[in-house]
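Asker: My questions all concern the structure below.
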Amino acid sequence: MSDATQATGAVFAIVVNGEQRSANVGDTVADLLAALGLEKGRVAIERNLKILPRTDWAETKVAAGDRYEIVQFVGGG
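With positions in the sequence shown counted from 1, the corresponding number in our numbering is that position plus 10.
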């Protein structure tokens, strides 16, 4: 959560993996991953039906009404 968001407290709704969640104005996709406790190197993200390149996560702002599908990779065999 950014310092500016903490000061204003502006919150809006997004959908992550089919579940409604709240996000803060100014949050990036990287902030969203951190809030979910996910490691950046082990996930793929679809934002509004389009794959979001990992290189864009830190600059892409989460917006009201966004829909995310986040897939986490796990090892096994």
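Think of the CB as a built atom: it goes at the ideal place given N, C-alpha and C, for glycine as much as any other residue.
Return the CA-CA distance between V35 and Q82, expressed in angstroms with no decimal places.
Answerer: 25 Å
Asker: Looking only at its chain, what residues have a beta carbon closer than 8 Å to the beta carbon of A50, apart from the 5 residues adjacent to it on each side?
Answerer: The question names Ala, yet the displayed sequence has Lys at residue 50. Only A40, L43, R64 and W67 meet the Cβ criterion.
Asker: I need the straight-line Cα distance from D76 to G85, nearest angstrom please.
Answerer: 29 Å
Asker: In three-state terms, what does DSSP make of T38?
Answerer: strand
Asker: Can you tell which of E56, L48, E69 and A73 has its C-alpha closest to the C-alpha of V21?
Answerer: Of E56, L48, E69 and A73, the smallest CA-CA separation from V21 is found for A73.
Asker: Just mark I24 as buried or exposed, buried being the case when its beta carbon has 16 or more other beta carbons within 10 Å.
Answerer: Residue environment for I24: buried (at least 16 other C-beta atoms within 10 angstroms of its C-beta).
Asker: Going by alpha carbons, who is nearest to G19 out of A33, E29, G28 and V26?
Answerer: A33
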